[in-house]
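Chains as they are written, first to last, in our numbering: chain A, 1 to 210; chain B, 1001 to 1210.
2 protein chains.
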Amino acid sequence: MKVDTGASADSQAVPHKGRPREFCVDAALAAALRVFWSKGYEGASMADLTEAMGITKPSLYAAFGNKEALFNKALDLYEREKLDYMQAALAAPTARGVAERLMRGALDMYTCPENPNGCLGVIASVACGAEAECIRQAVLERGAAAKRAMLDRLVRAKEEGDFPEDTDPEGLAAFLMAVNQGMSVQAGAGATRAELERLVETSLKLWPGR
Amino acid sequence: MKVDTGASADSQAVPHKGRPREFCVDAALAAALRVFWSKGYEGASMADLTEAMGITKPSLYAAFGNKEALFNKALDLYEREKLDYMQAALAAPTARGVAERLMRGALDMYTCPENPNGCLGVIASVACGAEAECIRQAVLERGAAAKRAMLDRLVRAKEEGDFPEDTDPEGLAAFLMAVNQGMSVQAGAGATRAELERLVETSLKLWPGR
DNA sequence: TATATTATATACCAGTCGTTATGAAAGTTG
DNA sequence: CAACTTTCATAACGACTGGTATATAATATA
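Written out as structure tokens, the structure reads:
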């Protein structure tokens, strides 16, 4: 297991000693993310990855360590660039605003033609068999953290009077995650944007309180 | 590609000509289902399958054709034995009864200790990369049929006055499927029965009409 | 008992998996 | 120019993939 090379920073600032690399690390990582996102962790072969990234296998191993390390960095990138709607949702003033921003953000994410279909977290957590258990655990960890953040936000919302008295914030947090995960599955199954919009509108209409 | 041997019927009724097989086809298929259910289509290797089924590879190929045919038969078995709560739900007298039976049936299915975690349909449709596209299509086909049946049922429910006037049956059908898929994802992620119960109770409380 | 038919077990196929050893190429530094 | 360092491309590694050829064992039929 190699140490992290700190590849995320742009390496063009200070000229290195040896032969300079001929590819952009960030662009290669973005390409790798697309592959993992499309095919899952185990479904993405090194041949798929190197072809999409435009580099050879030794270059990949030198720059990113191994497949698992590459996936984790791709997962970081995914969370940073594609899951920003989550934090934006949590910042909404009311619980209804949280739900609305979350669902509409997810809708835009899932239906953006630039993106592969579905949610990388769902794909990787569901499609992880056998020896890639640590990958699964890493993905589940992030999902659990997201749910915890949502739960905290909804608990606060209840204290602020956003819900009727008999509302269960834990149930609602699980509910929001479930609708989001369901959207991911249906998007992966080829649902149209119009179909997902109806799902979002229906879910928001059912959402309780303000 | 061999022709179907009609292995579903119990072959002990009439003695065959050659050497009799030493394993029960139905039991082997049930074992194969558990493997596919746990690991997905591509995640389940022939070695996994033969070991769980207690037979050798040539026996498997002779009895079931190949991996794809085996999966399709396992999928039939799954739908027949594990998805019966779907039809039971559709037979409920009111839309609320449909939602209730569906969610509680799914809850029981996902939390039964005998079963692997999650829904085989979700697992196989999400975790199908590359060349197993026909498997994915077959699974998606069944999911689409299930949603269509649900939509028909909810349209009828609206005609029967189970919903407020401004209710969108299509959105509600997608909603029911989404909650179910979300339950599958969360069950696969290791959610406890108590957590899923709260999700079900919350969703049912939000369900509109009677 | 002899023959036909089917299932079994062993070993093997070509291909792919993730990973790495090897040597040449391309830079910086003395 | 000659070290030195790092990346490059080629090729290979052992392990595993889905799928079979072959030979033997077990039954029914004649």
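Virtual Cβ for every residue (Gly too), placed ideally from N, Cα, C. Because the structure is a prediction, the values reported are computed rather than measured.
Chain-ordered chain B contacts of residue i [CB-CB under 8 Å]
i: Met177/A; result: Gly1182, Gln1186
i: Leu206/A; result: Phe1175, Leu1206, Trp1207, Pro1208
i: Thr168/A; result: Contrary to the premise, residue 168/A reads as Asp rather than Thr in this sequence. In chain order: Arg1198, Glu1201, Thr1202.
Distance, residue j Cα to residue i Cα
i: Glu1100/B; j: Lys1073/B; result: 30 Å
i: Gly1129/B; j: Lys67/A; result: 17 Å
i: Ala1009/B; j: Ala132/A; result: Unreliable positioning characterises Ala1009/B in this predicted model, as indicated by a pLDDT of 38, which lies under 50. A coordinate reading is not provided.
i: Ile1055/B; j: Phe1023/B; result: 8 Å
i: Ile135/A; j: Ala124/A; result: 8 Å
i: Glu165/A; j: Gly65/A; result: 52 Å
i: Tyr1041/B; j: Pro93/A; result: 44 Å
i: Gly1171/B; j: Trp1207/B; result: 12 Å
i: Ala1063/B; j: Lys1082/B; result: 23 Å
i: Leu140/A; j: Ala1069/B; result: 32 Å
i: Gln1012/B; j: Ala1028/B; result: Confidence at Gln1012/B is low in this model, with a pLDDT of 41, below 50, so its placement is unreliable and the value that follows should be read with caution. Cα to Cα, the separation comes out at about 15 Å.
i: Thr1050/B; j: Met109/A; result: 41 Å
i: Ala7/A; j: Val25/A; result: For Ala7/A, the predicted model reports a pLDDT of 36, less than 50, meaning its position is unreliable; a value from the coordinates is still stated below. If I take the Cα positions, the gap works out to 7 Å.
i: Tyr78/A; j: Gly143/A; result: 13 Å
i: Glu1201/B; j: Ala1030/B; result: 32 Å
i: Gln137/A; j: Val1122/B; result: 19 Å
i: Ala178/A; j: Lys57/A; result: 38 Å
i: Leu127/A; j: Gly1043/B; result: As written in the sequence, residue 127/A is Ala, which differs from the Leu given in the question. Each residue's alpha carbon lies about 8 Å from the other.
i: Ala1091/B; j: Ala174/A; result: 27 Å
i: Met1053/B; j: Phe1036/B; result: 12 Å
i: Gly1188/B; j: Asn1117/B; result: 5 Å
Partners in chain B for residue i, counting only beta-carbon separations shorter than 9 Å
i: Ala127/A; result: Gly1040, Glu1042, Gly1043, Ile1123, Val1126, Ala1127, Cys1128, Gly1129
i: Arg156/A; result: Within chain B, no residue comes near Arg156/A; the closest Cβ sits about 18 Å away, beyond 9 Å.
Residue i, buried or exposed, once every other Cβ within 10 Å from all chains shown has been counted against 16
i: Lys1017/B; result: exposed
i: Ala47/A; result: exposed
i: Lys2/A; result: Because the pLDDT at Lys2/A is just 33, under 50, the model does not fix this residue reliably, and the point stays unresolved.
i: Gln181/A; result: buried
i: Gln186/A; result: buried
i: Pro1169/B; result: buried
i: Asp162/A; result: buried
i: Lys147/A; result: buried
i: Ala194/A; result: exposed
i: Cys119/A; result: buried
i: Arg217/A; result: Residue 217/A lies beyond the range of chain A shown here (1 to 210); nothing can be said about it.
i: Gly1190/B; result: exposed
i: Arg1210/B; result: exposed
i: Arg198/A; result: buried
Interface partners of residue i on chain A, CB under 7 Å
i: Gly1171/B; result: Arg198, Leu199, Glu201, Thr202
i: Pro1116/B; result: In chain order: nothing, as chain A lies at least about 11 Å away.
i: Gly1143/B; result: Ala189
i: Glu1195/B; result: Ala174
8 Å Cβ cut-off: residues of chain A touching residue i
i: Gly1190/B; result: Leu140
Proximal chain B residues relative to residue i, where beta-carbon distance stays under 7 Å
i: Asp162/A; result: What Asp162/A touches in chain B: nothing, since even the nearest Cβ is about 15 Å away.
The ligand PLP heavy atom lying under 8 Å from the CB of residue i
i: Ala187/A; result: As for the ligand PLP, it is missing from this structure, which has no ligand bound.
Contained alpha helix (DSSP H) runs [length at least 4] in the segment 73-99 of chain A, N- to C-terminal order: Counting only runs of 4 or more, we get 84-90.
Give, in chain order, every unbroken run of the alpha helix (DSSP H) that is at least 4 residues long and sits entirely within the segment 118-167 of chain A. Listed in chain order, they are 120-126, 133-159.
For the segment 29-61 of chain A, list the beta strand (DSSP E) runs that are entirely contained and at least 3 residues long, ordered along the chain. Those beta strand (DSSP E) runs which fall completely within the segment 29-61 of chain A and span 3+ residues do not exist here.
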